[in-house]
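Engineer: Before we start, here is the structure in question, set down as structure tokens.
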Amino acid sequence: MSAVVEWSTLALEALGVVAILSGVIVAASAFVMRLASDGFEESYTRLRANLGRGILIGLELLIAADILRSLVISPKLESIGVLAGIVLVRTFLSFSLQVEIDGHWPWAKTELSATMGATAP
Numbered sequence: 085m086s087a088v089v090e091w092s093t094l095a096l097e098a099l100g101v102v103a104i105l106s107g108v109i110v111a112a113s114a115f116v117m118r119l120a121s122d123g124f125e126e127s128y129t130r131l132r133a134n135l136g137r138g139i140l141i142g143l144e145l146l147i148a149a150d151i152l153r154s155l156v157i158s159p160k161l162e163s164i165g166v167l168a169g170i171v172l173v174r175t176f177l178s179f180s181l182q183v184e185i186d187g188h189w190p191w192a193k194t195e196l197s198a199t200m201g202a203t204a205p
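Counting from 85, one number per residue, gives the positions in the sequence shown under the numbering used here.
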């Protein structure tokens, strides 16, 4: 059982790295292809959003790997404390990236929808 969890953890970590690298490659490719048609400003804005999405997916996979490692493989108080710190930092990064991508706070989404719906004809 422990070997399966260890391999699963390694697989999740590898998938997280692949997701981040793939996100960088796809975002950079899309940036170069859109540069001529959309102009630099629009292409750059989309580049940042696409990079953020790739990083978010990778961070979520890396957090899952950390949780597995800390809770199943070595469930000591020290490793759980380290896990809490890692999850806190990565969650803050994910939250910050999401705000950067969307351009507003997550709880403002409802307010924006209500405002947009109220002003729509």
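Glycine included, every Cβ here is placed at the ideal spot set by N, Cα and C. Note that this is a predicted model, so its numbers are computed, not measured.
Classify residue 189 as helix, strand or coil using the three-state DSSP reduction.
Structural biologist: Here residue 189 corresponds to residue number 105 of the sequence shown, with the count starting at 1. Of the three classes helix, strand and coil, the one that applies to residue 189 here is coil, per DSSP.
Engineer: Going by beta carbon distance, what residues of the same chain come within less than 7 Å of residue 136, once the five residues before and after it are set aside?
Structural biologist: Counted from its first residue, the sequence shown places residue 136 at position 52. These residues qualify, in order along the chain: 181, 184, 185.
Engineer: Can you tell me which of 166, 86, 161 puts its alpha carbon nearest to the alpha carbon of residue 147?
Structural biologist: Counted from its first residue, the sequence shown places residue 147 at position 63. Comparing Cα-Cα distances from residue 147 to each of 166, 86, 161, the minimum goes to 166.
Engineer: Tell me which same chain residues have a C-beta within less than 7 Å of the C-beta of residue 106, skipping the five on either side of it?
Structural biologist: As a first step, residue 106 is located in the sequence shown; it is residue number 22 there, counting from the start. Around residue 106: 138.
Engineer: Measuring only the C-alpha atoms, how far is residue 115 from residue 187?
Structural biologist: As a first step, residue 115 is located in the sequence shown; it is residue number 31 there, counting from the start. As a first step, residue 187 is located in the sequence shown; it is residue number 103 there, counting from the start. Cα-Cα distance, rounded: 19 Å.
Engineer: Going along the chain, which residues of its own chain have a beta-carbon closer than 8 Å to the beta-carbon of residue 128, five neighbours each way excluded?
Structural biologist: Taking the first residue of the sequence shown as position 1, residue 128 is located at position 44. Closer than 8 Å at Cβ, skipping near neighbours: 115.
Engineer: Out of curiosity, what's the CA-to-CA distance linking residue 218 and residue 160?
Structural biologist: Outside the shown range of the chain (85 to 205) lies residue 218, about which nothing can therefore be said.
Engineer: How big is the Cα-Cα spacing for residue 123 and residue 100?
Structural biologist: Counting from 1 along the sequence shown, the entry for residue 123 is found at position 39. Counting from 1 along the sequence shown, the entry for residue 100 is found at position 16. Computed Cα separation, rounded: 31 Å.
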